[in-house]
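Below is one structure, written out as structure tokens; comments come after it.
Protein chains: 2
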Amino acid sequence: MNKVYNFSAGPAILPREAMEAGSRACLEFNGMGLSLLEISHRSKEFEAVLNDARAIVKELLGVPDGYQVLFLQGGASLQFAMVPMNLLDEGETAAYLDTGVWANKALKEAKLFGNAKAVASSKEQNYTFIPKEYEVPADAKYFHVTSNNTIYGTQLQSFPASAVPLISDMSSDIFSRPVDVSKFGLIYAGSQKNMGIAGTTLVIIRDDLMGKAKRKLPSMLDYKLQAENDSMYNTPPVFAIYMALETLKWVKSKGGVSAMQKLNEEKAGRLYAEIDSNPLFKGTCAVEDRSRMNVTFVMNKPELEGAFLKEAEAAGLSGLKGHRSVGGFRASIYNAMGVDGIDALVSLMRDFSKRNS
Amino acid sequence: MNKVYNFSAGPAILPREAMEAGSRACLEFNGMGLSLLEISHRSKEFEAVLNDARAIVKELLGVPDGYQVLFLQGGASLQFAMVPMNLLDEGETAAYLDTGVWANKALKEAKLFGNAKAVASSKEQNYTFIPKEYEVPADAKYFHVTSNNTIYGTQLQSFPASAVPLISDMSSDIFSRPVDVSKFGLIYAGSQKNMGIAGTTLVIIRDDLMGKAKRKLPSMLDYKLQAENDSMYNTPPVFAIYMALETLKWVKSKGGVSAMQKLNEEKAGRLYAEIDSNPLFKGTCAVEDRSRMNVTFVMNKPELEGAFLKEAEAAGLSGLKGHRSVGGFRASIYNAMGVDGIDALVSLMRDFSKRNS
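First to last, the protein sequences are chains A and B.
Mapping of the first sequence onto the numbering used here: residues -17 to 339, in sequence order.
Mapping of the second sequence onto the numbering used here: residues -17 to 339, in sequence order.
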């Protein structure tokens, strides 16, 4: 079988080494004579996996003391609710930057619990840029931003200074670049884009933000209880945590998040250069806000888009169809996508363009 | 390496065929040239997995029309909260049968949302039996029972008749025997005991019980929204759902839940027979309530328990240590445990007893 380059937005491409480790662990783990899938989450072997996963998150991101690293379930969508449930009491204010459908969903969930509002929005322009002029109310309990907007292909190139705790959904670009965790109150990320498979959610939370809300919280939705139980209040998603560990071990082996940043800039640079120089293609969002994870583009001759997608699939370039709300194409080029995948795509774009000029 | 018999309470033994299918899917799935771990949950290949998983649940349990089959996240512990959030308004009454730590936790979560109370409890007797004399208030919105108590080794041999919707946590015995789903309003089960790996939670809910609560629900915790979105409101735990499918395909290939019941009765029968006839061992709970999934027993000479456990581990009988709140031993003998595992354990019990009489 020919190599397939996986440009899916998520679940997404993973390092081959991680998938092979997962495959082996399904049969036998760590000399136990048992599969990782069937061992107790209280076994010393899984406790080591969980501890190692926590440690490598701390190491790769330089998580300072005073933060907890949790592995939860439910994806970023459950965090949309857990954040306000834990941090925002009835009548209190929370600020949101509305940069896409997911940011907007986070805002909507927060409105169930308190006075959540958007300080700025690019919704009217189909989220093609990141708003930069806005004011965060001084009495806001927190300010929520989405670091990378998977659907639209925009990304915060830097994080705003914030007088109130900054909270970020980093689902689609965590571990793709260095982040100064000390500037955040809380970071969360579904694992299925840049750090593993669907089924676990990373939460990094500053100690003082736990146990604050006055409302009574269900145990599973209480950050404090989850932290006190080292993410083992109940049976954690064992295999998903293992896959996060193996994926992050690969990141570390490649030089960590600085090396990933360099690689991702190189990959995105090559692809955007082609989009900008090829007369058949054009980008869909503000140049200064372009994502290095999800590269969105359309054709100047939209009637050819179907043919291009078909050729791409046939050439082993998978998952390039753009989200229906943007159209065209989206190349998701997470950490595990090599430069060879970019070159294969660029090569097809050039060839297709020549044949259709 | 010698064969290891896995008697862990959960995550637990799985059919070898399911683990092998999982191992292969980690590398390549369905001729796609991609791993199951990296494909979009919106791909037709994963949609087929989800549809097949839903269909086989319906087929094996004979789920009638008018019920939804959902695959959620968060384990049974999140269901402890979701059930009352969705079904119990402030001031309304819910009835719980308190038969163990997990039943008690379910009750505690429900108290956050309404007037939840235990109609009976065996807590004072360390949950060694299932209470049978009680009255469910006529105004209760539902009656919650735990079908199998993993820690204590007790099991409902039949389900109580109930004038109000009957809800059951079947985490540790689902698919181990036939169940008349039409008698239940809602059934839920964490997957990591009898139907796959940790990371997904099965919910079977009667249509009329969705969308009832007056409170505003976070999207992820709303059964109605999850049903409307076919368990794909956000990215589902792809691999855990696949493993549930593969595990249930194995159940079907072995003759379905009636065949499982027969096998489980045979296995439990052999083990209890040894416990009752061997002078060194004794069971820990009421004979009429004994579980066919988790067999709990202690020694008449407690000072020898450590030595027995050590010999068991050396003989490849893994995970037999009893829960700290019961002590002694617990043999979890879920569907995938063969009669050969029981015979190996019984054989060691006999041999150890002879050598220590």
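The beta carbon of each residue, even a glycine, is placed where N, CA and C say it ideally should be.
Thinking C-beta only, is residue j closer than 9 Å to residue i?
| i | j | result |
| --- | --- | --- |
| L253/B | A313/B | yes |
| S79/B | I133/B | It is worth fixing the name first, because residue 79/B is Leu in this sequence and not Ser. No, the Cβ-Cβ distance between L79/B and I133/B is not below 9 Å. |
| L138/B | F166/B | no |
| D121/B | F141/B | no |
| M1/B | L9/A | yes |
| S153/A | R36/A | no |
| T81/B | T128/B | yes |
| G135/A | V328/A | no |
| L(-4)/B | I179/B | yes |
| Y49/B | D189/B | yes |
| I38/A | K198/A | no |
| V51/A | L184/A | yes |
| R274/A | E247/A | yes |
| G323/B | K231/B | no |
| Q61/B | Y170/B | yes |
| N276/B | N68/B | no |
| V83/A | P160/A | no |
| I257/B | F279/B | yes |
| S5/B | S5/A | yes |
| S300/B | M14/A | yes |
| I72/B | P200/A | Here the sequence assigns Glu to residue 72/B, which means Ile is not the residue at that position. Contact: no. |
Determine the closest residue to residue i out of the options, with distance taken between C-alpha atoms.
| i | options | result |
| --- | --- | --- |
| F157/A | S144/A, M177/A, L138/A | M177/A |
| A76/B | I324/B, K196/B, V65/B, V83/B | V65/B |
| G310/B | N130/B, R332/B, E(-1)/B, K264/B | K264/B |
| D262/A | G237/A, V220/A, M331/A, G301/A | Sequence inspection shows Leu at residue 262/A; the Asp mentioned does not correspond to that position. Taking only the C-alpha atoms, the option nearest L262/A is M331/A. |
| Q58/B | H305/B, L89/B, D71/B | This sequence places Ala at residue 58/B; Gln is not what is there. Looking at the Cα atoms, L89/B is the closest of the given residues. |
| L191/A | G237/A, F95/A, L70/A, W232/A | L70/A |
| K175/B | Y124/B, D151/B, L32/B | D151/B |
| S335/B | N260/B, N216/B, L245/B, Q61/B | N260/B |
| F11/B | Y224/B, K(-15)/B, K123/B, A195/B | Y224/B |
| P284/A | Y215/A, A92/A, G304/A | G304/A |
| T229/B | D34/B, E29/B, G15/B, H23/B | D34/B |
| K114/B | A102/B, K123/B, E106/B | A102/B |
| Y116/B | G13/B, A100/B, A289/B, E91/B | A100/B |
| Q208/B | G56/A, L207/A, R(-2)/A, N282/A | G56/A |
| K123/B | V146/B, V83/B, N282/B, A85/B | V146/B |
| S339/B | R306/B, A326/B, L286/B | L286/B |
| Y215/A | G193/A, H23/A, A98/A | H23/A |
| P119/B | A3/B, S164/B, S144/B, G172/B | S144/B |
| E27/A | K40/A, A7/A, E41/A | A7/A |
| E29/A | N211/A, E41/A, K206/A | N211/A |
| A195/B | E41/B, A255/B, F95/B, K292/B | F95/B |
| A255/A | D325/A, N97/A, K206/A, S300/A | D325/A |
| Y205/B | L168/B, A241/B, G237/B, A3/B | L168/B |
| P(-7)/B | R(-2)/A, E74/A, S25/A, K236/A | S25/A |
Compute every distance between the C-beta of residue i and the non-hydrogen atoms of the ligand ADP, then say whether any falls below 8 Å.
| i | result |
| --- | --- |
| R(-2)/A | For the structure depicted, the ligand ADP is absent and the ligand set is empty, with no information on it obtainable. |
### Query
In the region 174 to 198 of chain A, which residues sit with their C-beta less than 7 Å from some C-beta in chain B, listed in chain order?
Q174, I179, A180, G181, K198
### Message
Just to confirm the assignment: which complete beta strand (DSSP E) runs, minimum length 3, are found wholly within the region 97 to 140 of chain A?
### Response
97 to 103, 125 to 128
### Message
Within 8 Å, do at least three Cβ pairs link the region 104 to 118 of chain B to the region 261 to 269 of chain B?
### Response
yes
### Task
Specify whether the region -16 to -6 of chain A and the region 317 to 332 of chain A touch according to this definition: at least 3 beta carbon pairs, one from each stretch, less than 8 Å apart.
yes
### Query
Between the region 219 to 234 of chain A and the region 295 to 310 of chain A, are three or more C-beta pairs nearer than 8 Å?
no
### Message
For the region 16 to 27 of chain B against the region 30 to 45 of chain A, do three or more pairs of beta-carbon atoms, one drawn from each stretch, fall closer than 8 Å, so that the two count as touching?
### Response
no
### Contiguous beta strand (DSSP E) assignments of at least 3 residues, all confined to the region 216 to 301 of chain A
263 to 265, 276 to 281
### Message
Quick check on the DSSP output: what are the complete beta strand (DSSP E) runs of length 3 or more inside the region 4 to 54 of chain A, in order along the chain?
### Response
49 to 54
### Query
Can you give, in chain order, each stretch of the beta strand (DSSP E) that sits fully within the region 139 to 209 of chain B and has at least 3 residues?
148 to 151, 168 to 172, 183 to 188
### Message
What are the residues in the region 201 to 215 of chain A lying within 9 Å of chain B by C-beta distance?
### Response
S201, M202, L203, Y215
### Task
Using a Cβ-Cβ cut-off of less than 9 Å, give me the residues of the region 219 to 233 of chain B that come near chain A, in sequence order.
P219, V220, F221, A222, M225
### Message
Closer than 7 Å between beta carbons: that is the criterion. Which residues of the region 51 to 78 of chain B meet it against chain A?
### Response
Q55, G56, G57, S59, L60, A63
### Task
Taking a Cβ distance cut-off of 7 Å, strictly less, list which residues of the region 19 to 31 of chain B are near chain A, in chain order.
L19, E20, I21, S22, H23
### Message
By the 7 Å beta-carbon criterion, what residues does the region 81 to 97 of chain B contribute toward chain A?
### Response
E91, L94
### Task
Output, in sequence order along the chain, the residues in the region 127 to 151 of chain B whose CB is closer than 7 Å to any CB in chain A.
none
### Query
Which residues, taken in chain order from the region 291 to 319 of chain A, show a beta carbon closer than 8 Å to some beta carbon of chain B?
G298, S300, G301
#### Entry: Residues, ordered as in the chain, of the region 266 to 293 of chain B that lie near chain A by beta-carbon distance below 9 Å
none
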